[in-house]
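Note sheet for the following structure.
There are 2 protein chains.
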Amino acid sequence: MKLASLKHGRDGRLVVVSRDLKHYVAVPDIAPTMQAALDDWAHIEPQLRKVSELLNSGHEGRAQAFDPAQCAAPLPRAYQWVDGSAYLNHVELVRKARNAEMPPSFYTDPLMYQGGSDDMLGARDPISILDEAWGTDLEAEVAVITDDVPKGTSAEDAVRHVRLVMLVNDVSLRNLIPNELAKGFGFVLSKPASAFSPVAVTLDELEGHWQDNRLHLPLRVWLNGEWFGEPNAGEEMTFSHADLIAHLARTRKLGAGSIVGSGTISNKDRARGSCCLAEVRMIETIEQGAPKTPFLKAGDTVKIDMWDGAGKSIFGAIEQTVVLGQ
Amino acid sequence: MKLASLKHGRDGRLVVVSRDLKHYVAVPDIAPTMQAALDDWAHIEPQLRKVSELLNSGHEGRAQAFDPAQCAAPLPRAYQWVDGSAYLNHVELVRKARNAEMPPSFYTDPLMYQGGSDDMLGARDPISILDEAWGTDLEAEVAVITDDVPKGTSAEDAVRHVRLVMLVNDVSLRNLIPNELAKGFGFVLSKPASAFSPVAVTLDELEGHWQDNRLHLPLRVWLNGEWFGEPNAGEEMTFSHADLIAHLARTRKLGAGSIVGSGTISNKDRARGSCCLAEVRMIETIEQGAPKTPFLKAGDTVKIDMWDGAGKSIFGAIEQTVVLGQ
Chain A
1 MKLASLKHGR DGRLVVVSRD LKHYVAVPDI APTMQAALDD WAHIEPQLRK VSELLNSGHE
61 GRAQAFDPAQ CAAPLPRAYQ WVDGSAYLNH VELVRKARNA EMPPSFYTDP LMYQGGSDDM
121 LGARDPISIL DEAWGTDLEA EVAVITDDVP KGTSAEDAVR HVRLVMLVND VSLRNLIPNE
181 LAKGFGFVLS KPASAFSPVA VTLDELEGHW QDNRLHLPLR VWLNGEWFGE PNAGEEMTFS
241 HADLIAHLAR TRKLGAGSIV GSGTISNKDR ARGSCCLAEV RMIETIEQGA PKTPFLKAGD
301 TVKIDMWDGA GKSIFGAIEQ TVVLGQ
Chain B
327 MKLASLKHGR DGRLVVVSRD LKHYVAVPDI APTMQAALDD WAHIEPQLRK VSELLNSGHE
387 GRAQAFDPAQ CAAPLPRAYQ WVDGSAYLNH VELVRKARNA EMPPSFYTDP LMYQGGSDDM
447 LGARDPISIL DEAWGTDLEA EVAVITDDVP KGTSAEDAVR HVRLVMLVND VSLRNLIPNE
507 LAKGFGFVLS KPASAFSPVA VTLDELEGHW QDNRLHLPLR VWLNGEWFGE PNAGEEMTFS
567 HADLIAHLAR TRKLGAGSIV GSGTISNKDR ARGSCCLAEV RMIETIEQGA PKTPFLKAGD
627 TVKIDMWDGA GKSIFGAIEQ TVVLGQ
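Chains as they are written, first to last, in the numbering used here: chain A, 1 to 326; chain B, 327 to 652.
Okay, here's the thing in structure tokens:
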């Protein structure tokens with residue numbers, strides 16, 4: 001089942017989207033918003049699935065043409081957004097570029113940060129920044145939306161709490177990060193609003209590609225229309241989506257609608273490209289002594305997509321343009 | 327005007343509370359929840375104020391007895407919770423206890439962290455922990471709830487975006503903090519659910535005590551029924567509530583219902599006691615070479631309150647007991 005939130009007020013309007021992303025049906029009689037559906041999933045999901053089946057079989061008379069540009073984020077505002085760094089190749093490159101050792105604990109204890117969740121961008125919303133000197137970067141990732149996760153949930157049990165999967169562009173202001181992290185309390189200014197794929201999907205839509213609580217497909221990124229990367233999101237994911245949820249739940253429960261991100265997808269094979277500019281700049285630093293690829297500038301475009309085995313987009317593409325201003 | 331959320335479903339039920347905290351009136355015809363009121367404040371506030379005036383003048387026939395034990399947090403789940411460290415005496419003591427220098431930037435650039443906001447505790451909810459060895463601590467603070475704050479809002483303009491003020495117990499797991507902060511991405515495990523005062527109040531309820539965007543009253547803390555501290559929340563607040571909001575808004579807008587905390591209240595005058603156990607332990611370390619006051623254990627009770635000039639509780643008290651388990 002594929003779900004989206006069309007732009008409407010603060011929380012969007014929940015719709016069921018067809019598998020081929022061509023049509024949608026509004027479901028105000030079932031649940032007004034994505035959060036309302038997540039709050040009462042056991043009761044709401046079967047009703048949404050019936051609509052989805054009709055829609056996919058071509059028997060839903062109310063179907064309308066689906067336009068990703070009308071989408072808000074699946075959760076236009078959420079009660080929680082936590083992001084991991086599950087691809088240690090990325091973390092290793094960061095460290096190597098500044099000649100720092102990788103702490104051994106990083107291979108057993110997931111690195112995660114609490115992000116702001118009051119403002120989530122739709123897939124076609126601009127990346128709006130006040131100052132190009134902040135060093136704006138994309139970070140292409142996979143994220144899951146959970147239901148209520150009890151405190152102390154194990155990684156084995158965590159997957160049962162995954163309700164939906166989607167793509168994220170976790171926008172970062174790279175030049176603000178060093179000073180902010182040096183203060184010791186994580187990110188506040190250097191992680192502005194993230195953007196999400198037009199639709200979020202249930203695990204069954206991922207067919208055999210969801211294995212070991214990882215999504216084994218390439219995440220495809222284009223910058224200004226040119227191929228930028230397609231690392232596989234499953235193969236080198238050190239901590240699975242279930243591991244990340246279990247880590248968070250060690251000391252606290254998670255509320256329905258919590259969004260848990262994977263961190264920037266990264267593979268050791270450099271022919272597969274990258275999912276963020278910082279990684280390209282680190283490789284340039286390691287190989288040539290200094291970065292040469294610039295961060296994002298006004299007018300630059302970013303596209304992030306993931307295709308199924310038949311080359312069809314699963315989540316719809318994130319397509320954003322950088323703009324200067326409010 | 328004083329508002330509370332009685333326990334009811336995931337988001338509570340908005341009620342108007344009398345100034346003396348003795349009565350309340352439910353207002354389902356005006357707004358079902360606190361978040362709904364904040365989402366449309368310009369339209370909703372005048373209607374709530376009419377109820378408040380009737381209630382305070384004794385002319386509201388629907389008034390019922392107010393019981394803080396029935397209160398959820400004013401926002402039982404919120405779209406944002408960010409906490410500052412605005413009292414630099416506290417930060418200086420932390421540093422001094424481990425013989426570390428205070429970075430000069432700390433006096434001009436507010437230290438803040440993004441917290442989890444999917445699970446906010448009511449004023450009488452237990453502090454529920456899985457392991458006493460985690461070193462559970464209270465942190466008594468003042469927090470404001472904002473409306474929509476545009477990106478780039480100045481400190482001068484920020485106070486116009488303060489809708490409500492309340493008290494917080496920002497529970498911390500002290501023994502998990504060093505390892506977590508050493509990872510560099512802030513708090514995830516070491517800051518479980520925070521608890522909030524029974525009521526949140528508009529600025530006019532603070533009368534002359536709200537000055538220079540600071541709340542100039544002692545915050546009173548008792549531990550197991552014994553006096554623990556009463557530092558003034560205004561006098562030594564290096565960064566005002568407006569400064570903290572403006573800092574957050576430098577790179578991103580804030581959504582209505584964002585909660586911004588002050589950090590642990592702390593004064594240089596040690597006769598005024600403390601608002602957290604860590605500070606007492608730091609002073610013991612500085613004066614005696616080692617801490618002797620233990621962190622919270624199962625059965626310990628914490629009370630946090632603030633009185634007006636006439637000795638009346640403004641927000642109602644936070645009163646929590648530590649329990650082991652889920």
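The beta carbon of each residue, even a glycine, is placed where N, CA and C say it ideally should be. Note that the structure is predicted; figures quoted are calculated from it, not measured.
Residue-level contact check: B:R450 does not touch chain A, since none of the beta carbons of chain A fall below 9 Å from its beta carbon. For A:H43, the enclosing alpha helix (DSSP H) starts and ends at 41-56.
Rounded to the nearest whole angstrom, the C-alpha separation of B:P617 and B:Q440 is 29 Å. B:M428 does not reach chain A, its nearest Cβ partner there being about 12 Å away, counting only Cβ pairs nearer than 7 Å. Residue-level contact by beta carbon holds for A:M112 and chain B, with a gap shorter than 9 Å.
Residues of the region 454-485 of chain B with a C-beta less than 9 Å from any C-beta of chain A: S454, I455, L456, D457, W460, P476, K477, G478, listed in chain order. Under the criterion of beta carbons closer than 8 Å, A:K151 and A:A249 qualify as touching, at roughly 6 Å. A:D157 is bridged by DSSP to nothing; it lacks a bridge partner.
Just so you know, the alpha carbons of B:E379 and B:H542 end up roughly 25 Å apart. Residue pairing for B:Q646: DSSP places it in a beta bridge opposite B:V628.
When DSSP states are grouped into helix, strand and coil, A:Q114 belongs to the strand group.
Using a Cβ-Cβ cut-off of 9 Å, A:Q320 does not count as an interface residue toward chain B, since no Cβ of chain B sits closer than that to its own. The residues A86, A155, D212, N213, R214, in chain order, have a CB closer than 8 Å to that of A:S240 in the same chain once the five nearest residues on each side in sequence are set aside.
Per DSSP, reduced to three states, the secondary structure at A:A4 is strand.
In the same chain as A:G316, and ignoring 5 residues on each side of it, the C-beta atoms closer than 7 Å to its own belong to L21, P68, A123, S197, P198, V199, in chain order. The DSSP-derived three-state label of A:H59 is coil.
Among the residues of chain A, none has a CB under 8 Å from the CB of B:L603; the nearest is roughly 18 Å distant.
At a cut-off of 9 Å between beta carbons, A:D118 contacts chain B.
For the region 73-101 of chain A, the set of positions with a beta-carbon nearer than 8 Å to some beta-carbon of chain B reads R77, A78, Y79, Q80, V82, S85 in chain order. Here B:N593 is actually not in contact with B:E645; their C-beta atoms are around 23 Å apart, not less than 8 Å. In this structure, the beta-carbon distance from A:K303 to A:L223 falls below 9 Å.
Taking a C-beta distance under 9 Å as the contact criterion, A:D157 and A:A246 qualify as a contact pair.
Within the region 388-442 of chain B, the complete alpha helix (DSSP H) segments at least 4 residues long are 414-423, listed from N- to C-terminus. B:I609: member of the alpha helix (DSSP H) spanning 603-614, first to last residue. Residues P126, T301 of the same chain have their beta carbon placed closer than 6 Å to that of A:T321, with the five preceding and five following residues left out of the count.
At least one C-beta of chain B is nearer than 9 Å to the C-beta of A:V188. Annotated as distal: B:L570 and A:D118, with beta-carbon spacing of 9 Å or more. A straight-line Cα-Cα distance of about 14 Å links B:E531 and B:L374. The shortest CA-to-CA distance from A:L88 to any of A:K96, A:R281, A:A72 is the one to A:K96.
Apart from sequence neighbours up to five positions away, the residues of its chain that approach B:P436 with a beta-carbon distance below 7 Å are G410, A412, F565, D569, L570, H573, ordered along the chain.
Boundaries for B:A459: no beta strand (DSSP E) harbours it, and the DSSP string shows neither H nor E there. In the same chain as A:S128, and ignoring 5 residues on each side of it, the C-beta atoms closer than 7 Å to its own belong to V323, G325, Q326, in chain order. In this model, A:L296 and A:D305 are separated by some 19 Å (Cα to Cα). For A:H241, the enclosing alpha helix (DSSP H) has its first and last residue at 241-248.
For the pair A:R163 and A:T202, the CB atoms are nearer than the 9 Å cut-off. For B:L507, the enclosing alpha helix (DSSP H) starts and ends at 503-508.
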